[in-house]
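Residue numbers (the working numbering): 94 to 344. Don't be surprised by glycine CBs; every beta carbon is placed ideally from N, CA and C.
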């Protein structure tokens, strides 16, 4: 919660609650949702479709059930708009189907959730995979400058057509995606591309600039986070308790 507040997710339209306390009926709702969808329907949404087509063996049941749990959480909060990325479009579509089913079977009038997202594309992890805590392929706001540097230097810049030919140009796509997110203008990014193509700079030099951009961007967030932890810790907990109580009344 402190990380979110320090990053700017604050204000009257933001609530922080303890889910297990605010939605006591969530377990029951998950069981209901499990009976509202067939396996054939579930297998057609992402990420389940991706899991099943990966030819993986011994797939944990929790991996298959997770989208249903997510859908139940969406339905329980009566959310009509969800700010996420396109990776979760399948889950939101599933939640929409379940909301319609519950509305048809009961007297409840549930909102139909829909996806909303920003103008920036999904930012991939430093290894070009989906960014996730499990993959440890992300840059954290609590990372030290040295940790940020190490992670930026790990960003994959292998040539698009991976071969043993080291004369092929590096793939700067991911590095430039990070540059855009952390404040580089279109003119700066075009200049990086131009200077690299003419041999005036290297992928490593561009990464060094990116390290500075990220470090400078995260510095005020880190300072605010430290301030909140030192001086506002009790107030933040009181806010969480109050928001949780308000959520209980709302739901």
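task = Quick one: residues in its chain with C-beta nearer than 8 Å to the C-beta of residue 235, no 5 flanking neighbours on either side, listed in chain order?
result = Cβ neighbours of residue 235 beyond the five flanking positions: 96, 315, 318.
Residue burial classification, residue 165 (beta-carbon count within 10 angstroms, cutoff 16) = That one is buried.
inquiry  = Please report the straight-line C-alpha distance between residue 258 and residue 186, rounded to a whole angstrom.
reply    = Reliability of the predicted coordinates at residue 258 is poor, the pLDDT of 47 falling under 50, and the value obtained from them is presented with this limitation in mind. When only Cα atoms are considered, residue 258 and residue 186 end up about 44 Å apart.
request  = For the beta strand (DSSP E) holding residue 207, just list the boundary residues, first then last.
outcome  = If you look at residue 207, you'll find it in the beta strand (DSSP E) that goes 207 to 209.
request  = In angstroms with no decimal places, state the Cα-to-Cα distance between residue 106 and residue 330.
outcome  = Cα to Cα, the separation comes out at about 18 Å.
query = Excluding sequence positions up to five away, which residues of its chain have a Cβ less than 8 Å from the Cβ of residue 136?
reply = Here the set comprises 142, 145.
key: Contact belief for residue 206 with residue 175 at Cβ below 8 Å, rounded distance in angstroms   = Between the beta-carbon of residue 206 and that of residue 175 there is about 6 Å, and that keeps the pair under the 8 Å contact cut.
query = What are the uninterrupted segments assigned as alpha helix (DSSP H) that are 4 or more residues long and contained completely in the region 257 to 289, given in chain order?
reply = Segments of the alpha helix (DSSP H) lying fully in the region 257 to 289: 266 to 274.
query = Where does residue 175 fall in DSSP's three states?
reply = DSSP, read as helix, strand or coil, puts residue 175 in strand.
task = Indicate whether residue 278 and residue 265 have their beta-carbon atoms separated by less than 8 Å.
result = Contact: no.
key: Secondary structure of residue 238, DSSP reduced to three states   = Looking at residue 238 - three-state DSSP - the assignment turns out to be helix.
Test item: CB-CB of residue 218 and residue 200 under 8 Å = Taking 8 Å as the cut-off, the beta carbon of residue 218 is found no closer than this to the beta carbon of residue 200.
key: Same chain, Cβ closer than 7 Å to residue 288, neighbours up to 5 away in sequence not counted   = Non-local C-beta neighbours of residue 288 in its own chain, meaning closer than 7 Å and more than five positions away in sequence, comprise 294, ordered along the chain.
query = Alpha carbon to alpha carbon, how far is residue 194 from residue 328?
reply = Answer to the nearest angstrom: the Cα atoms are 41 Å apart.
query = Can you give the Cα-Cα distance for residue 112 and residue 119, rounded to whole angstroms?
reply = Here the C-alpha atom of residue 112 lies approximately 9 Å from the C-alpha atom of residue 119.
inquiry  = Measuring alpha carbon to alpha carbon, tell me which residue in 123, 339, 282 is nearest residue 162.
reply    = With distances taken between Cα atoms, residue 162 lies closest to 123.
ask   = In or out: residue 170 buried (at least 16 other Cβ within 10 Å) or exposed?
value = Counting Cβ neighbours within 10 Å, residue 170 comes out buried, since at least 16 surround it.
message = Do residue 248 and residue 241 have their beta-carbon atoms positioned less than 8 Å apart in this structure?
response = Not in contact: residue 241 and residue 248 (Cβ atoms no closer than 8 Å).
key: Distance CB(residue 108)-CB(residue 336) smaller than 8 Å   = Result yes, Cβ atoms of residue 108 and residue 336 sit closer than 8 Å.
task = Identify, in the order they occur along the chain, each residue of the same chain with its Cβ nearer than 7 Å to the Cβ of residue 276, setting aside the five sequence neighbours on each side.
result = If we look at residue 276 and ignore the five residues flanking it on each side, its Cβ neighbours are 306, 310.
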